[in-house]
Every structure is written in structure tokens, then in C-alpha cells.
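Student: In my numbering, the protein residues as written are 3 to 438.
Cβ coordinates follow ideal geometry from the N, Cα and C atoms, glycine included.
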């Protein structure tokens, strides 16, 4: 419930203000030509707290209003110096704009107004650094690509196009030019304002800066993709060797199952290392294409436009990353099929062994039954023998006592009766035990 809610108002969703303000997040600055611009894109690993502290230190040194804690973007202007800062998931971007009539070359840059001590202490790794000139169109402006390259880009080949439906022109060589403040140097960008005006100029420059930043962020996945090519080849060959061994009748299934588990773990490790980077590269590549579309560029004679350059340079790199990602998926699927096949084979072999064991147990039980029946027959005979012997002793004792009888005859006649009684008693005991 909104804290400002009164009983006579319709209650507002608690995120309404935040969601509404997203439409105005990171607005482009209105930049009046001529102007110098410098931008830094600093890559960091998870810890964004250092970027917030660095911004606070910079604003304090420059005398700008302090930023609000946990804000994602900042903008302040003072003494013809404009500072823009934005914080993203894994990078922070600083843009410095300095207005003035002397903005005709790269001998001086907007970064000159920033304290060197702060530049040396800023956290993160510089992924993108660009010096830019925003110049008004005039008759003295060189108009041929060769003259433009010679004046601002040390004679290098240019990439450029008309932007903003022809209201401006942008040139760059996407090379790093020496600058003592940044290892490797800065890229250069020249934008000619024909009829754009401050607001459109600001939008076009922001898009050009973002194109370069997102291009470099997308390319972070390429070295990882190249490094995994050989590893995936080795894993694929190892899996192929295991599947060939599976067709041999004397193969050790337990050993192969252990090897498949190791291959699966290695593959999952590769995926864990690269999944985020590949997904981020795809997202950044889409942003590059979107920003190029927003330039509304048209070709200049003799120059390669931004979209064509990205199609020839960035798209193959993204295709490589996509290929590696698909190879990971295919290898994972192959490992799953091979593991399932081997487990099925092991289960079938176990069932055959269990079947043989059950047959052996049945045969043993049958032998035990026959042995038991034999023992029962012997038991009846033994018991009958002892019982008849007792009867014989009894009849002889009676005869010795004077009773006239034939002891041998009575003993012989008692044999079948005793045997029948013993047999009946044994079977009755068996039934009683079986019932229990």
C-alpha cells in the first residue's frame, strides 16, 4: 500500500513510481556543438560498491552535488563540464562533456578536466575508452574520407555514415590511439552536426557510445569460445572411443561408465564456465543491432557504414559463440544417450545374471526336496526298525513270563502296521509344520 495513500484516494501499487521512472532512466543529454566528449566503460566483477564510492569521490573533487546511494544513474553539470554516470550489471559508464569553441582536434579532450589521481584509482578494468568531437557543419570542414582520416584518424581507414536521417555524419576508425591515461589508448569518434540540434546530437552520441561498449562486451565471449573448441574436440573423441568399445563383447562396463561420468562432469564444467558469458554476448549483440537501427544511417560514398561493419566483424564472432554453445548441447545429449545405453546394457546383463541365479536356486531347491524326501524315507525305515525291535523285545519278555505266543510271528506281523503308523506320523508332522 502506498505510504501517501489517503482514504479519499484510489490506492496505488507500491512499485508504480519506480516502474514509471524507468521510462526516464538514463536520458540522453542535450549537447550543443562544438563539444568534446570522453567516455569510459569500466568492467567489474560483481562488486558494484566500489563504483558507487568512486563516483562519490569524483563528484566531491569536482564540486558536484553528491549522488544518492544505490542510484543507477547520475547527471550533473557545472562550469561547462557535464558528467553522466550509469551503473549496469557488470560495467559502469562515465561520460564527460566539455563545451567550447576550441573543440576542433584531439590535442585536448574532456578527460583533461578530470583529476589524474582519481583516474588512477578508479576501480574496474577499462574495456572501452572513446574521445569524441561534436562539430558544427561549416565550409572549412574536410569532406573527403581521405582528408577526414588524415586530420583526425592518423590516415587510417574510416567507418562512417550519415545518421539521424541525414541530419548528421559520424566517422570513426575503431582503432586505439595512444593516450597516457589509459593503457592501450582511446578510440576516436567525430560527429558532424548538420541539422540535428542539441537533443538529437545527444541521442546520436549516446547510441554511438553504446554501440562500441556493447560490441566489446559481446566480444568478451569470443576468447572463451575459441579456448573451448579444442577441449570440446577432445571430449568428443573420448566419447567416440568409449562408444566404439561398447560394441566389443569383452569390454568392462563399469570402467566405461566411470569414464562417461568423468566426461559428463567435464562437459558440465565447460557449460558452467561459459553459459553466462554466451548468454550475455547474445543479449549485447541484440543491443548493438538495435542501437545501429536507431542511428537511422545511410551510406556515404566510399565508406563502410556501421551496420555493414558489424555484419562483417561482429556477426561471425557471435556465430562462433553460438556454434560452441550448440556443440556443448550436442555433446551433452550424446553423453546422455551413451550413458543411458550403457546403463541399459548393464541392466540387461544383471537381469541375465539374476535369471541364471534364480534357475540355479530352483535347481538347488529341487535337489534339496529330493534329498529331503530320501531322508524322510530313510527316517521311516529307521523308526520302523527300532519300533519293531522294541515290539520284538516286548513279545519275548511276555513269552518268557509264561504266556504262550509266537514272538517271531507277532513281530513280523507288526512291521507293516508300525511302518504305516510311522509314515502317517511323519506326514502329519510335515503338514503341521507347513501350516505353521
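(1) Go ahead and label residue 185 buried or exposed: buried means 16 or more other beta carbons lie within 10 angstroms of its beta carbon, across all protein chains shown.
(2) With three or more beta-carbon pairs closer than 8 Å as the criterion, would you say the segment 335–350 touches the segment 180–199?
(3) Using the Cα positions of residue 247 and residue 270, report the straight-line distance between them to the nearest angstrom.
(4) Using DSSP with H/G/I as helix, E/B as strand and the rest coil, what is residue 146?
(5) Does DSSP put residue 98 in a helix, in a strand, or in coil?
(6) Fully enclosed by the segment 220–308, which alpha helix (DSSP H) runs are 4 residues long or longer?
(7) Out of 87, 294, 66, which one is the CA nearest neighbour of residue 80?
(8) When DSSP labels each residue in this structure, what does residue 393 get in the three-state scheme?
(9) Could you check which residue in 83, 171, 348, 125 has the C-alpha nearest to that of residue 111?
(10) Mapping DSSP to helix, strand and coil, what is residue 45?
(11) For residue 71, does the three-state DSSP call read helix, strand or coil?
(12) Strictly under 9 Å for the Cβ-Cβ distance: is residue 391 near chain B by that measure?
(13) Checking the sheet assignment: what are the DSSP bridge partners for residue 173?
(14) Check the C-beta distance from residue 301 over to residue 163 and give it rounded, since I have them as a contact under 8 Å.
(15) Keeping to the same chain, check which residues put their C-beta closer than 7 Å to that of residue 237; ignore five residues upstream and five downstream.
(16) For residue 438, count neighbouring Cβ atoms within 10 angstroms of its own Cβ and tell me buried if that reaches 16, exposed if not.
(17) Let me check understanding here. Comparing Cα to Cα, which of 428, 421, 94 lies closest to residue 219?
(18) Determine which residues share a DSSP beta bridge with residue 380 and list them.
(19) Taking the alpha-carbon positions, what's the residue 38 to residue 223 distance?
(20) Going by the beta-carbon positions, is the gap between residue 244 and residue 330 smaller than 9 Å?
Tutor: Quick answer:
(1) To locate residue 185, count along the chain shown from 1; it is residue 183. Burial call: exposed.
(2) no
(3) Counted from its first residue, the chain shown places residue 247 at position 245. Counted from its first residue, the chain shown places residue 270 at position 268. Roughly 23 Å between the two C-alpha positions.
(4) Here residue 146 refers to the residue found at position 144 when the chain shown is read from its first residue. It is coil, neither helix nor strand.
(5) Here residue 98 is taken as the residue at index 96 of the chain shown, counted from 1. Three-state DSSP puts residue 98 in a strand.
(6) 223–248, 255–297
(7) If you number the chain shown from 1, residue 80 lands on position 78. For the residues 87, 294, 66, the minimum Cα distance to residue 80 belongs to 66.
(8) Position 391 of the chain shown, counted from the first residue, corresponds to residue 393. Correct three-state label for residue 393: helix.
(9) By one-based count along the chain shown, residue 111 stands at place 109. It is 83 whose Cα lies nearest to the Cα of residue 111.
(10) On the chain shown, position 43 is the one that residue 45 refers to. Of the three classes helix, strand and coil, the one that applies to residue 45 here is strand, per DSSP.
(11) Here residue 71 refers to the residue found at position 69 when the chain shown is read from its first residue. Residue 71: coil per DSSP, three-state reduction.
(12) Although the question refers to chain B, the structure presented lacks it and comprises just one protein chain.
(13) Stepping through the chain shown from its first residue, residue 173 is reached at position 171. Residue 173 pairs with 162, 192.
(14) As a working note, residue 301 is residue 299 in the chain shown. As a working note, residue 163 is residue 161 in the chain shown. Between residue 163 and residue 301 the Cβ distance is about 6 Å, and since that is below 8 Å, they are a contact.
(15) As a position in the chain shown, residue 237 is number 235, starting the count at 1. Cβ within range, chain order: 265, 268, 269, 333.
(16) Position 436 of the chain shown, counted from the start, is the residue given in the question as residue 438. The predicted position of residue 438 is uncertain, since its pLDDT is 44 and thus under 50; a value taken from the coordinates is nonetheless stated next. Per the 10 Å Cβ criterion, exposed.
(17) Here residue 219 refers to the residue found at position 217 of the chain shown. When each option's Cα is compared against that of residue 219, the closest is 94.
(18) In the chain shown, counting from the first residue as 1, residue 380 sits at position 378. Residue 380 pairs with nothing; no bridge assigned.
(19) Translated into the one-based positions of the chain shown, residue 38 becomes position 36. Translated into the one-based positions of the chain shown, residue 223 becomes position 221. Taking the straight line joining both Cα atoms gives about 32 Å.
(20) Reading the chain shown from its first residue, position 242 is the one you call residue 244. Reading the chain shown from its first residue, position 328 is the one you call residue 330. Not a contact, by the Cβ cut-off of 9 Å.
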